[in-house]
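>
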Ligand code: GDP
Ligand code: IMO
Ligand code: MG
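Numbering (the numbering used here), first residue to last: 324 to 758.
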C-alpha cells in the first residue's frame, strides 16, 4: 500500500479538503504536517458541510486515524472548539484523533504581535489570516516556543508561560500597546485546555513510523499551497511553514524513503487570498464571474479571493518542487459558461522568455503572461463523474493543461461533493487510489 502526500499546487484553497476526504477511504491514517488554523478545508457530504482547520479531513471517515503532526502550530482553544463541533456532529474525535507532543502551542499574544507587525507604518502588509501563525513559528525557530508536551507538564508550564508573556509584554509596550489579555485567566484557560486534549496527545512520530512498519498506509494532507511555502513561495507574501512535499517529512517525522508519491491539487484556474504577486490575475469582469460562480470567498476569513487564469509556468514550477506524480484539477465546472478561456503558457519580460520563477517580488510583478485562448464548452460539467462524459472542449482544455505543465491530470473535480469526481482511467492517480 502506498503512502501519499496530497498538497496544494497554487496559493491554497485548491480543494484539498474535498480530495483528501474522498480518498482517505483508502488509507488507514491521514496526517497534517504544517500550518495551523489559518487553513480552511471544506468537505461537503450530502447536506452537511464541514470546514476543517487544524484537524485532518480524514477525521470524517469513521474508524480512520487522524494525526496532527509535529510541524503544526496549535491554538488549543481553536482545536478544542473544532473538536466540539465535530463531536456535536457525531464524530468520534477522541478515539480517532492523535496530537503530536512536539507540535507548537499558539498563544493569544501571537495574534497581538502579528497585528503589530501587519499594521506597522511603512510595512507592506502580507494580508495574513490574523491567527498568529507567523509569530508562533517565529518562536519555534527562535527556540523560545512552547510545545504541547510542555503545555501538559503541570508543574513547569506556569513558569514557562510567565517567562514568554513577560517578553511579549515588553515588546507590546515598546509599540505603545497594552497587553489585552488577562494573563491569569489565560494561564487558567490553557491549563484547562491541556486537560481536555491530554488523552489525545502522544508521540505521533513513533505512532506513524510503527504504523507504516506494520503495513498501514498514510496520507499526508498539506495545508496552504506551494506558492505560500516559506522557502519556495512568493516570499515574503507567504505563510510561515513548509507547505511543499518536503514539509511532510519534517512535519511528521516520517522519512522520505517511506513516502511513495505526491499528488498536487490545482484549480482549473487560479485564486489567491491576501497580498502578493499574481501574474495571471483577472481584474476584469471575467475575474468577477469566476469569483461569483466559484464562490471564491475565504473559508476562514470570508475575504473575497483574487481570481485569474490557469498559469502553466507556475504549475511547472510547483511540479518541480514537489515532484507531482499526478494532478487533480478541481472546480472545472466553474468555467462552464465562459466562451473563451485564456491559459498562461509562458512568461515574458520584454522580448525574452522567463523560464525560471523569479526570486523577488519586483521581478515577479514584471512578468508578462503569454496567453493562449481556448474555446469554452458552454455546457454544464457540474457533477460529471466519468471522463468520457465531459464535453470534448473540456477534455481539450484538460489535455492542453497537461501538455503545458508536463504533469498527468489523473483526477478531475466537477462539484464539491464526493461523487462529483472523475478518476481518469489508466492514470497513475488511479493506481494510487484505486489499487
Ligand atoms: P482547501 O483549503 O484546498 O481545502 O479548499 P477550500 O475548502 O478552502 O476551498 C475550496 C472550495 O471549493 C470549497 O468550498 C469546496 O466545497 C469547493 N469545491 C471543491 N471542489 C469543487 C468543485 O470541483 N466544484 C465546485 N463548484 N466547488 C468545489
Ligand atoms: P488552505 O489550507 C489560502 C494566506 C493568507 C496570507 C498568507 C499568510 O485553506 O489552503 P498566514 O495567516 O498563514 O500567516 O497568512 O497566506 N493563507 C492562505 N490562503 N488558503 C490557505 O489555507 C491559507 N493559509 C494562509 O491569506 O496571504
Ligand atoms: Mg482553504
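By construction, the Cβ of each residue, glycine as well, lies at the ideal position given by its N, Cα and C atoms.
To the nearest angstrom, how far is it from the Cα of residue 431 to the Cα of residue 700?
49 Å
> Pull up the DSSP beta-bridge partners for residue 727, would you.
Residue 727 has no beta-bridge partner at all, per DSSP.
> Considering residue 621, what are the terminal residues of the beta strand (DSSP E) in which it resides?
Note, residue 621: premise wrong, no beta strand (DSSP E); not H, not E.
> The ligand GDP and residue 714: does any heavy atom of the ligand fall closer than 8 Å to the residue's C-beta?
no
> Under the three-state reduction of DSSP, which class applies to residue 633: helix, strand or coil?
In the three-state scheme derived from DSSP, where H, G and I count as helix and E and B as strand, residue 633 is classed as coil.
> Quick one: what does DSSP say residue 675 is sitting in, helix, strand or coil?
In this structure, DSSP gives residue 675 an extended state, which the three-state scheme calls strand.
> Between which two residues does the alpha helix (DSSP H) containing residue 436 stretch?
431-442
> For residue 698, report the span of its alpha helix (DSSP H) as first-last.
Taken as a continuous stretch (DSSP letters only), residue 698 belongs to no alpha helix (DSSP H), being part of the beta strand (DSSP E) at 691-698.
> Please state if the CB of residue 417 and the CB of residue 642 are separated by a distance shorter than 9 Å.
No, they are not a contact pair.
> Is the distance from the Cβ of residue 633 to the Cβ of residue 626 below 9 Å?
For residue 633 and residue 626, no; Cβs fall outside 9 Å.
> Work out the CA separation of residue 412 and residue 563 for me, nearest whole Å.
32 Å
> Measure from the alpha carbon of residue 353 to the alpha carbon of each residue in 719, 748, 535, 708, then state which is nearest.
Cα-wise, what sits closest to residue 353 is 535.
> Consider the C-beta atom of residue 365 and the heavy atoms of the ligand MG; say whether any pair is separated by less than 8 Å.
yes
> Round the Cβ separation of residue 338 and residue 653 to the nearest angstrom and send it over; I've been treating them as touching at under 8 Å.
3 Å
> Within this structure, are the beta carbons of residue 470 and residue 425 separated by less than 9 Å?
yes
> Quick check: the Cα distance between residue 584 and residue 386, rounded to an integer number of angstroms?
Residue 584 and residue 386: Cα-Cα distance of roughly 24 Å.
> Bridge partners of residue 373, per DSSP?
For residue 373, DSSP records a beta bridge to 366.
> Considering only the alpha carbon of each residue, which of 401, 404, 383, 377 lies closest to residue 391?
377
> Sorry if obvious, but does the Cβ on residue 653 come closer than 8 Å to a heavy atom of the ligand IMO?
no
> Measure from the alpha carbon of residue 409 to the alpha carbon of each residue in 468, 383, 437, 428, then state which is nearest.
For residue 409, the closest of 468, 383, 437, 428 by C-alpha to C-alpha distance is 383.
> Taking a contact to mean a Cβ-Cβ separation below 9 Å, would you say residue 656 touches residue 705 in this structure?
yes
> Who are residue 422's beta bridge partners in DSSP?
391, 524
> When the Cα atoms are used, what is the spatial distance from residue 737 to residue 744?
As the crow flies, the alpha-carbon of residue 737 is around 6 Å from that of residue 744.
> Exposed or buried, which one is residue 685 when buried takes at least 16 other CB atoms within 10 Å?
exposed
> Excluding the five sequence neighbours on either side, which residues of its own chain have a C-beta within less than 7 Å of the C-beta of residue 340, listed in chain order?
364, 365, 366, 375, 380
> Which residue comes first and which comes last in the alpha helix (DSSP H) that contains residue 570?
569-573 is the extent of the alpha helix (DSSP H) around residue 570.
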